[in-house]
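Per this note's numbering, numbering of the sequence shown is gapless, rising by one per residue and ending at 206.
To keep things clear, I will list the structure first and then write my remarks on it.
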Amino acid sequence: LAWPQVRARFRDFVVSCVRNAVRGSDDGGVWWGPEGLRYTSLGSGQLLFDLEILERLRYVGVRIAQIDLVDSAYEGCPPSVDLRRALREFADWQRAAAQLCRHEPAEIRVFSSLGDYFQVCCGSSDACDLILHADAAWPGADEECEQFALRALVPGGLLARLSNSCQDAAAPRDTGPPELTVAGTVEGGECSGHSLAPLRAAAW
3 LAWPQVRARF
13 RDFVVSCVRN
23 AVRGSDDGGV
33 WWGPEGLRYT
43 SLGSGQLLFD
53 LEILERLRYV
63 GVRIAQIDLV
73 DSAYEGCPPS
83 VDLRRALREF
93 ADWQRAAAQL
103 CRHEPAEIRV
113 FSSLGDYFQV
123 CCGSSDACDL
133 ILHADAAWPG
143 ADEECEQFAL
153 RALVPGGLLA
163 RLSNSCQDAA
173 APRDTGPPEL
183 TVAGTVEGGE
193 CSGHSLAPLR
203 AAAW
């Protein structure tokens with residue numbers, strides 16, 4: 003990233019949303035069920051950023067019930083050696099972290115496309131509570147992510163995105179770090195508010 007602090011600010015924003023819910027500062031309290039939070043990552047890659055997010059969520063007292071990882075890099079049978087190692091070490095870490103918290107280990111599922119994810123998840127009882135997309139944008143990414151959230155998120159769930167949205171590609175390169183803005187709710191279809199820099203940060 004051109005601004006290394008942006009990813010950290012984005013991470014802290016996501017964690018603060020969950021922390022505020024845990025502390026009861028939001029009118030509705032937590033939006034996930036008693037079994038724990040169901041987390042979905044788009045563009046998971048080597049999983050370091052997801053690991054940071056999940057450990058901070060556990061630190062504020064959240065049990066992680068399910069982790070779904072969606073990335074086209076996982077396509078292939080089997081995936082590359084590096085990806086297999088990353089997935090194995092990520093799963094080992096999640097089991098160890100859950101054990102330290104005296105929680106049941108999270109169920110971890112891996113998908114190579116949104117289509118595969120929809121076949122397994124949508125219309126079932128395991129809709130996700132938090133969708134995180136922190137990866138390079140692709141043509142149609144904004145619309146696809148919003149449609150994904152409409153189909154996969156529980157009511158009141160959170161979609162958080164940080165990407166080099168093509169809509170901002172023409173912005174000047176000497177602009178400072180982008181401001182993180184809350185863009186509205188999925189139910190209301192409000193998608194206003196995002197960075198003027200080449201990186202776009204927003205939450206629904």
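Idealized CB from N, CA, C, for every residue including glycine.
- Fewer than three beta-carbon pairs drawn from the region 110-123 and the region 53-64 are found closer than 8 Å, and the two stretches are therefore not classed as touching.
- Cβ neighbours of Gln48 within its own chain (closer than 6 Å, five residues either side excluded): Ala88.
- A distance below 6 Å between beta-carbons, with the five flanking residues on each side excluded, links Arg65 to the following residues of its chain, in chain order: Gly38, His105.
- Counting only the Cα atoms, Val62 lies some 14 Å from Gly31.
- The criterion of a C-beta distance shorter than 7 Å is satisfied by Leu134 and Ala162.
- Assignment of Ser74 by DSSP, reduced to helix, strand and coil, places it in the helix class.
- Here Val83 is exposed: its Cβ has fewer than 16 other Cβ atoms, across all protein chains shown, within 10 Å.
- 7 Å or more divides the Cβ of Cys103 from the Cβ of Arg40.
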